[in-house]
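> Residue numbering for the sequence shown follows my numbering, starting at 2 and increasing by one per position.
Beta carbons: idealized from backbone N, C-alpha and C, even for Gly.
Keep in mind that this is a model prediction, so the values were computed, not measured.
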Amino acid sequence: MSDTEVVFQITADDLVHAYRLHLWRRYNPKYLLKSFAIGTIAYVVLLVGGVRVASGHFPEWRYVWMAAGIAAVVAIGVPILNHLILPRAGRKIYDQQKTLHQVYTVIFQSDRFIVETPTSRDEIQYADLVHWSEDRQMILLYQSSVMFRVVPTRVLNDGQVAFLHQVLLQNGVRKV
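1. Could you tell me which residues DSSP puts in a beta bridge with Asp123?
2. Would you mind working out which of Phe114, Lys31 and Val151 sits nearest His18, comparing C-alpha positions?
3. Could you tell me the boundaries of the alpha helix (DSSP H) in which His153 lies?
4. Who are the near neighbours of Thr5 in its chain, counting only those whose CB is closer than 6 Å to its CB and skipping five residues on each side?
5. Pairs of beta-carbons, one from the region 137 to 145 and one from the region 87 to 105, closer than 8 Å: are there three or more?
6. Under 6 Å Cβ to Cβ from His132, same chain only, skipping five residues before and after it: list those, please.
7. For a test of the three-state rule: what should DSSP assign to Phe164, helix, strand or coil?
8. Run through the DSSP bridge pairs and tell me what Gln10 is partnered with.
9. Locate the alpha helix (DSSP H) running through Tyr32, then write down its first and last residues.
10. Just the C-alpha distance for Leu169 and Tyr127, rounded to the nearest angstrom, thanks.
11. Using only the alpha-carbon positions, how far apart do Ala90 and Pro30 sit?
12. Along the beta strand (DSSP E) that carries Leu85, what are the first and last residues, could you check?
13. Who are the near neighbours of Trp25 in its chain, counting only those whose CB is closer than 7 Å to its CB and skipping five residues on each side?
14. Among Gln103, Glu135, Phe149 and Gln138, which has the Cα closest to the Cα of Ile125?
15. Distance, Cα to Cα, Val130 vs Ile42?
16. In terms of DSSP beta bridges, what is His18 paired with?
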């Protein structure tokens, strides 16, 4: 297998899109359902327990259902709010972190990829990756559950994308 090399510069829009992709991969339906169930149960238990302790009797059922509704709105609203706030936060991070403005050279090899900038050089084994994710605009290579490397698909041709998919699969990196 031959190496493949790409040279690119990340834009503020690339960074915002990478954060959005990361956010929506993190807020998958299983996670949202679990957090909704736990949050609703905890909220209702605290409400019922608090009313019971404060007044000496259990609240009416309509208050319990209202509490469950509030918990549902919060559980659904937090990811949506994060999605709406993300562009501003991503652009602010892009403006503050000057290393994001550098030109990146990424060399994909059969067992590792190398990321070079004018100020740094990292060799990362595919086996050290936790997982990877992609959509039409971005490929994220995760070194942990929150730290990832960004590769915009606009800089890759079809052969390079196929090569990257093949080496990730061969090295046992799971796709999420």
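Result, derived from the coordinates:
1. Position 122 of the sequence shown holds residue 123. In DSSP, Asp123 forms a bridge with Val116.
2. For the purposes of this step, residue 18 is taken as the residue at position 17 of the sequence shown. Ranking the options by Cα distance to His18, first place goes to Val151.
3. The count along the sequence shown starts at 1 and reaches residue 153 at position 152. The displayed chain sequence assigns Pro, not His, to residue 153. Note, Pro153: premise wrong, no alpha helix (DSSP H); beta strand (DSSP E) at Phe149 to Pro153.
4. By one-based count along the sequence shown, residue 5 stands at place 4. Hits under 6 Å: Phe109, Gln161 and Phe164.
5. Result no; under three Cβ-Cβ pairs closer than 8 Å.
6. Looking up residue 132 in the sequence shown gives position 131. Counting only Cβ-Cβ distances below 6 Å, and skipping sequence neighbours, we find Tyr143, Arg175 and Val177.
7. Start at 1 with the first residue of the sequence shown, and residue 164 comes out as number 163. In this structure, Phe164 counts as helix in the three-state DSSP scheme.
8. Position 9 of the sequence shown, counted from the first residue, corresponds to residue 10. The partner list for Gln10 (beta bridge, DSSP) reads Val104.
9. Locating residue 32 in the sequence shown gives position 31, counting from the first residue. Start and end: Pro30 to Ser56.
10. Your numbering for residue 169 matches position 168 in the sequence shown. Your numbering for residue 127 matches position 126 in the sequence shown. C-alpha separation (whole angstroms): 7 Å.
11. Working through the sequence shown from its first residue, we reach residue 90 at position 89. Working through the sequence shown from its first residue, we reach residue 30 at position 29. The alpha-carbon atoms of Ala90 and Pro30 are separated by roughly 24 Å.
12. Sequence index remark: in the sequence shown, residue 85 carries index 84 (1-based). Under the DSSP assignment, Leu85 falls outside any beta strand (DSSP E), being part of the alpha helix (DSSP H) whose first and last residues are Trp62 to Gln97.
13. Within the sequence shown, the letter at position 24 stands for residue 25. Closer than 7 Å at the Cβ level, and outside the excluded window around Trp25, lies no residue.
14. As a working mapping, residue 125 is identified with position 124 in the sequence shown. It is Phe149.
15. On the sequence shown, residue 130 is found 129 positions in, with the first residue counted as 1. On the sequence shown, residue 42 is found 41 positions in, with the first residue counted as 1. The sequence given here places Leu at residue 130; Val does not occur at that position. Cα to Cα, Leu130 sits roughly 35 Å from Ile42.
16. The residue labelled residue 18 in the question sits at position 17 within the sequence shown. DSSP output for His18 lists no bridge partner at all.
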